[in-house]
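Listed in order, the protein sequences are those of chains A and B. Counting from 1 along the first sequence, just add 191 to a position and that's the residue number in the working numbering. Counting from 1 along the second sequence, just add 191 to a position and that's the residue number in the working numbering. Think of the CB as a built atom: it goes at the ideal place given N, C-alpha and C, for glycine as much as any other residue. Since this is a predicted model, take the numbers as computed values, not measurements.
2 protein chains.
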Amino acid sequence: MLSCGGHGVILEGMDTQQTPADADAGEDFAFDVLAQRCPSRPVLEHITGRWGSLVLIALREKPARFNELRRRVGGVSEKMLAQGLHALERDGFVAREVHSTIPPRVEYSLTPLGSQTAEMLWELIMHLEYAMPHVLRSQQSYDAAASAEA
Amino acid sequence: MLSCGGHGVILEGMDTQQTPADADAGEDFAFDVLAQRCPSRPVLEHITGRWGSLVLIALREKPARFNELRRRVGGVSEKMLAQGLHALERDGFVAREVHSTIPPRVEYSLTPLGSQTAEMLWELIMHLEYAMPHVLRSQQSYDAAASAEA
DNA sequence: GATGGCACTAACTTTTAGAAAGTGCAATCT
DNA sequence: AGATTGCACTTTCTAAAAGTTAGTGCCATC
Chain A
192 MLSCGGHGVI LEGMDTQQTP ADADAGEDFA FDVLAQRCPS RPVLEHITGR WGSLVLIALR
252 EKPARFNELR RRVGGVSEKM LAQGLHALER DGFVAREVHS TIPPRVEYSL TPLGSQTAEM
312 LWELIMHLEY AMPHVLRSQQ SYDAAASAEA
Chain B
192 MLSCGGHGVI LEGMDTQQTP ADADAGEDFA FDVLAQRCPS RPVLEHITGR WGSLVLIALR
252 EKPARFNELR RRVGGVSEKM LAQGLHALER DGFVAREVHS TIPPRVEYSL TPLGSQTAEM
312 LWELIMHLEY AMPHVLRSQQ SYDAAASAEA
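Here it is as structure tokens:
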């Protein structure tokens, strides 16, 4: 019942585009992000989306309150931060703790799952930042070639 | 000149929101995705965005032509696939090879950089798919709590 | 007493994504 | 022989998402 592809049970109405070779590859993951209607898709978008990934790595170092988080993540709007935090809380990556003082004080932190995920994102981002000079050179040569043939 | 934060040279007009503690943390990365106008931001979006990450992991196993890729990545439109492939090619993650036959045959594959990146994304996605049952339970209890207090 | 911070929500506007159709050529059905 | 399908996209149009602005109530600080 919890499946998107591979050789597990197929969740009804879930389009999967696996090749036959994948069906007996020995993996027993019940979910597949490449399948159009797999429930893992929206979750992937929450953690890798424009703001989701940045929120997770901003919380990686230490918990933070709403406006402090907003300062850490350069350029995020209040709306998108609130929306993103809600989604990540619902998915179980972020914990929201309300201290019932006056005025109320709300603290956001990573759950164990969120912490693991943030660690992997951090590695990806370090890899990217390290590769950036190479990426910039690639963009320049691409743009040069594109304007040359125009 | 190639910098976004930390203790490197600051690229002009680049808002960085680093805490003073980060300035002498011993890291010498010149780019910082948390900084609003760092050139690494759009690149991060290309590789982690809705379709970028799926295209990279779809190309991880083997190179593919446009329409085959479209079949692998469930639900992607032609426009978004073309757009995403262009961005990934420009950034140096994907190589586009045109065989000048009639009709022309176009093959997309991962560059070494794209391959490394796809590996990290693959690990993240495996981690996610493995955690999905937990995520689903979290969503359910969140929704139950939300409807209870309404 | 005015300003600013906190933690948001709601309304409105702009940008982006997705859907649909068009292009031109060649190989494959009928 | 004519029709359909596939390839590799681009262009146009509309629906959805993101971003901007303003507003809420309360409190501490200038």
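> Would THR292 (chain A) pass as a contact of ILE238 (chain A) if the rule is Cβ separation under 9 Å?
Replying inline: It is not a contact, given that the beta carbons lie outside the stated cut-off.
> When the cut-off is 9 Å and only beta carbons count, does VAL326 (chain A) lie next to chain B?
Replying inline: Yes, because at least one Cβ of chain B sits closer than 9 Å to the Cβ of VAL326 (chain A).
> How is ARG251 (chain A) classed by DSSP in three states: helix, strand or coil?
Replying inline: helix
> Within the 9 Å Cβ cut-off, does GLU320 (chain A) reach chain B?
Replying inline: yes
> Would you call SER231 (chain B) buried or exposed, if buried means 16 or more other Cβ atoms sit within 10 Å of its Cβ?
Replying inline: buried
>> Can you pull out the residues from the region 264–275 of chain B whose beta carbon lies closer than 7 Å to at least one beta carbon of chain A?
In response: VAL264, GLY265, GLY266
> Quick one: does PHE222 (chain B) have its CB under 9 Å from some CB of chain A?
Replying inline: yes
> Once you ignore the five residues that flank GLY283 (chain B) on each side, which residues in its own chain have a CB closer than 8 Å to its CB?
Replying inline: Counting only Cβ-Cβ distances below 8 Å, and skipping sequence neighbours, we find THR302, LEU304, GLY305.
> Under 9 Å between C-beta atoms, does PRO230 (chain B) make it to chain A?
Replying inline: yes
> At least one CB of chain A closer than 9 Å to the CB of ALA226 (chain B): is that the case?
Replying inline: yes
>> I want to verify the contact list: residues of chain B whose CB lies under 9 Å from the CB of GLU280 (chain A), in sequence order.
In response: Residues of chain B with a Cβ closer than 9 Å to the Cβ of GLU280 (chain A) are, in chain order, SER329, TYR333.
>> Please list, in chain order, the chain B residues whose beta carbon lies closer than 8 Å to that of ARG241 (chain A).
In response: GLU236, GLY240
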